[in-house]
Amino acid sequence: SQQGCDPFAQTQRSKLQHRRARINQQINKEMRMRAGAENLFRATSNHKVKETVALELSYVNSNLQLLKEELEELNSSMDVYQNDSESISVPMIPLGLKETKELDLLVPLKDFISEHYGEESVLFEKEIKEFMELRQAMRTPSRNEAGLELLMEYYNQLYFLDSRFFPPTKTLGVFFHWYDSLTGVPSHQRALAFEKGSVLFNLGALHTQIGARQDRASLPGLNQAIDAFQKAAGAFNYLKENFSNAPSLDMSAASLTMLVRLMVAQVQECVFEKMTLLRAQNDFLSRLQLAQEAARVEEVYSVVHQTMSQPHVKDYVPFSWTTMVHVKSEHFKALSHYFAAIALCDCPAPLDAELLEQEKAFLQFHVTMPEGPSLSVLLQDPEERRKLGKAHLKKAIMKHEEAMRIHGLCKILRKMDILQEVLSFAHKRSLSKYSEIDHEEDFFETGEAPDIHPKTHQKPEIKSPNFSQVKVTDLFHRLGPLSVFSAKNKWYPARRVHLMRGENGFGFTLRGDSPVLIAGVIPGGCAAEAGLKEGDYIISVNGKDCKWSKHAEVVQLLKSTGKEGVDIGVITLQGSECPKAVERKAAVMSSGSGVLKSDKENSRKSLMNSKSASTLLVWGKKSKRSKKSTYSGVPFTAVGDNEAMY
1 SQQGCDPFAQ
11 TQRSKLQHRR
21 ARINQQINKE
31 MRMRAGAENL
41 FRATSNHKVK
51 ETVALELSYV
61 NSNLQLLKEE
71 LEELNSSMDV
81 YQNDSESISV
91 PMIPLGLKET
101 KELDLLVPLK
111 DFISEHYGEE
121 SVLFEKEIKE
131 FMELRQAMRT
141 PSRNEAGLEL
151 LMEYYNQLYF
161 LDSRFFPPTK
171 TLGVFFHWYD
181 SLTGVPSHQR
191 ALAFEKGSVL
201 FNLGALHTQI
211 GARQDRASLP
221 GLNQAIDAFQ
231 KAAGAFNYLK
241 ENFSNAPSLD
251 MSAASLTMLV
261 RLMVAQVQEC
271 VFEKMTLLRA
281 QNDFLSRLQL
291 AQEAARVEEV
301 YSVVHQTMSQ
311 PHVKDYVPFS
321 WTTMVHVKSE
331 HFKALSHYFA
341 AIALCDCPAP
351 LDAELLEQEK
361 AFLQFHVTMP
371 EGPSLSVLLQ
381 DPEERRKLGK
391 AHLKKAIMKH
401 EEAMRIHGLC
411 KILRKMDILQ
421 EVLSFAHKRS
431 LSKYSEIDHE
441 EDFFETGEAP
451 DIHPKTHQKP
461 EIKSPNFSQV
471 KVTDLFHRLG
481 PLSVFSAKNK
491 WYPARRVHLM
501 RGENGFGFTL
511 RGDSPVLIAG
521 VIPGGCAAEA
531 GLKEGDYIIS
541 VNGKDCKWSK
551 HAEVVQLLKS
561 TGKEGVDIGV
571 ITLQGSECPK
581 AVERKAAVMS
591 SGSGVLKSDK
601 ENSRKSLMNS
611 KSASTLLVWG
621 KKSKRSKKST
631 YSGVPFTAVG
641 DNEAMY
């Protein structure tokens, strides 16, 4: 069985998936009924009919409401992914993986191998089955490093599949089916880009599940959660920048932007938790810093909440997510005011030596200056500090209450007692602090405390996937070097040529490795007589396959022939028959560092130029290259080094 694959996870997830799909079918049915009823309601003038239809409409609408709530509950089954630690951590939002249907590639790939490569396709059944087993395994990755590597391995293998079997102008005729991770709606496309994009999405989703499972009450757990959410943001961001026109909503640009922001906010929340965990000293400055960190978390969650509330996004983002994000923004705003109050009320007035540093920190602490005396007076007068602290607590309590109110509006979150506990604990803590510093003889009206300036000591990073960390070998290696034997190249059927050695050798010059190229044919020589042409590639010598052979190996095979001569198998690429083409190719090969740009880019350019292929680009890679390409292409030996007469 495949490493990193966990078929048991499938049973839990596929149950969810089937329920999602079923609910969606019911929703569609109800929507059709509603549309029919509304049309009838508008069309009829018969009072009795109108009443019946109105009654039916109210049924349909309440049904729809219930179905949407059920779907909602499925989408926020966050508890499947949370950790089992005793300590209370606020829940994070993980994403479900996209599901896919099984895919049988045996016949399409065998057909392509015999038609395009002219090879005996039966001989490649083992490789095709191995590829299909890898695809089957990556449908249920385990929630750990091995599962992530499995997805990467498959993603990297798709690069080779693309180069070998997907010519720029036609498809294999196979459909890739994937379900939307948020709505459960299925989509399918022939473009391999859809398969690649979906695998990339699952890489991001798996990172979110790993992040949500960490025990964040410990430093190692927190650091792993930060790493996981940063990598999730990186995967969604890479998907957004490199793929476009996805057929499913979860991979639309608007949705991916929202997911990247959500992951960044979850990282920022972990950074705050890390500070509270590490904060041993309770001095004035570190409490100010905590308040600013909390304000920063509030700020990023507010942005996520706005993003989730946009017209194209709010219809399919689970209500529980939107609510949770809203709750968190209010909760962290409350915390920022609470820590400001603690700094003012629980810390002693500064000594002369500390005054300057504290004044400087306090100067940049509020968004607007608090009313009242100058900073140095305020900091040194316990009564003034208490007054401002009380104003901060009043604001904190208002925000705690707002967070609890919003939390109560969502049926699903109400069931999530952990969040409830955290909110009510924070609320009680602020209340008890308020009653502790509130004096009965206070006659002043508690002022309005200004908000705290957001600031973080650790900015979240968006970590792009590093595909090169998982090395893969091309499963279809035996078809020959990709520089020649790829889907985009066409060649004439292989020719067998019998060659005798003349007094001046065979009469040709050879160049390069894997496969070796006939760079020149001497007019009137043995090679010319036998029908060898400039630009032919040598694929076999005396029946021995030489597609991957180095220059020296081919020369050795040729030299060891006796009087009976030698059988050479050659192919000619279509479009390279005229000597000029070979010269041009040689120039390309020798220019620069001797490394061709990734095949991907070339095949994409030809795609752009061909009219008929435009339909294929429905969901293709964006033409803008990502900076880090996994494969830099096929290195070529510079021409001229090893060109020799034989």
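My numbering puts the first residue of the sequence shown at 1, with every later residue one more than the last.
Backbone N, C-alpha and C define an ideal beta-carbon position, used for all residues, glycine too.
| Query | Result |
| --- | --- |
| Exposure label - Q469; buried when at least 16 CB within 10 Å | exposed |
| Buried versus exposed call for L335 [16 or more other C-beta atoms within 10 Å across all chains shown] | buried |
| D381 versus E357 - alpha carbon distance | 17 angstroms |
| Proximity to A391 [Cα-Cα], best of P523, A353, T572 and Y434 | Y434 |
| Per-residue burial, S181 [other beta carbons within 10 Å of its own, 16 or more giving buried] | buried |
| Element boundaries [alpha helix (DSSP H), containing V267] | A253 to L278 |
| Span of the alpha helix (DSSP H), counted from its first residue to its last, around F160 | E145 to F165 |
| Per DSSP, cross-strand counterpart(s) of F508 | V521 |
| Rounded straight-line distance, which links the Cα of F175 to that of F193 | The question names Phe, but residue 193 is Ala in the sequence shown. Approximately 12 angstroms between the Cα atoms of the pair. |
| Where Y301 falls, given that 16 or more other Cβ within 10 Å makes a residue buried | buried |
| Spatially closest choice to L150 from S255, E371, H207 and L106, by CA coordinates | H207 |
| CA-to-CA distance, E273 to K395, given in whole angstroms | 22 angstroms |
| Cβ-based burial, P523 [other Cβ within 10 Å; buried from 16] | exposed |
| Pair within 9 angstroms by beta-carbon distance, A426 and Y338 | yes |
| Runs of alpha helix (DSSP H) lying entirely within the segment 393-440, each at least 4 residues, in chain order | 411-414 and 417-437 |
| 9 angstroms Cβ cutoff, V497 in contact with chain B | The structure shown contains no chain B, having only a single protein chain. |
| Classification of P454 by the beta-carbon crowding that lies within 10 angstroms, buried from 16 upward | buried |
| Check: F165 C-beta below 8 angstroms from any heavy atom of the ligand PLP | The ligand PLP is not among the ligands present in this structure, which contains no ligands whatsoever. |
| Assumed close pair E293, M308 - CB separation to whole angstroms, cut-off 8 angstroms | Incorrect: roughly 23 angstroms between the Cβ atoms, too far for contact. |
| Closest residue to E445 among L413, G372, K488 and Y492 (Cα-Cα distance) | G372 |
| contact_flag[the segment 316-334, the segment 392-411] where n(CB pairs < 8 angstroms) is 3 or more | yes |
| CB of K186 within 9 angstroms of CB of A295, strictly | Strictly speaking, residue 186 in this sequence is Pro, with Lys absent from that position. It is not a contact, given that the beta carbons lie outside the stated cut-off. |
| Between the CA atoms of N237 and E277 - distance to the nearest angstrom | Sequence inspection shows Leu at residue 277; the Glu mentioned does not correspond to that position. The straight-line gap from Cα to Cα measures roughly 30 angstroms. |
| Cβ pair count under 8 angstroms reaching 3, the segment 260-267 against the segment 220-238 | yes |
| Simplified DSSP state of V49, which is helix, strand or coil | helix |
| Pair within 9 angstroms by beta-carbon distance, P465 and L200 | yes |
| DSSP state of V470 mapped onto helix, strand, coil | coil |
| Proximity to Y650 [Cα-Cα], best of A54, M251 and L285 | The question about residue 650 has no answer here: the residues shown for the chain are numbered 1 through 646. |
| Residues near F160 in its chain [Cβ-Cβ closer than 8 angstroms; skip 5 each side] | V472, D474, L475, F476 and L482 |
| Whole-angstrom distance between K411 and R385, CA atom to CA atom | 41 angstroms |
| Residues that DSSP places opposite V541 in a beta bridge | K544 and I568 |
| Limits of the alpha helix (DSSP H) - the one that F236 falls within | L219 to N242 |
| Alpha-carbon to alpha-carbon, G197 and N156 | 12 angstroms |
| Unbroken alpha helix (DSSP H) run spanning V303, endpoints | F284 to M308 |
| Whole-angstrom distance between L106 and L239, CA atom to CA atom | 29 angstroms |
| Coarse secondary structure for S187, derived from DSSP in three states | strand |
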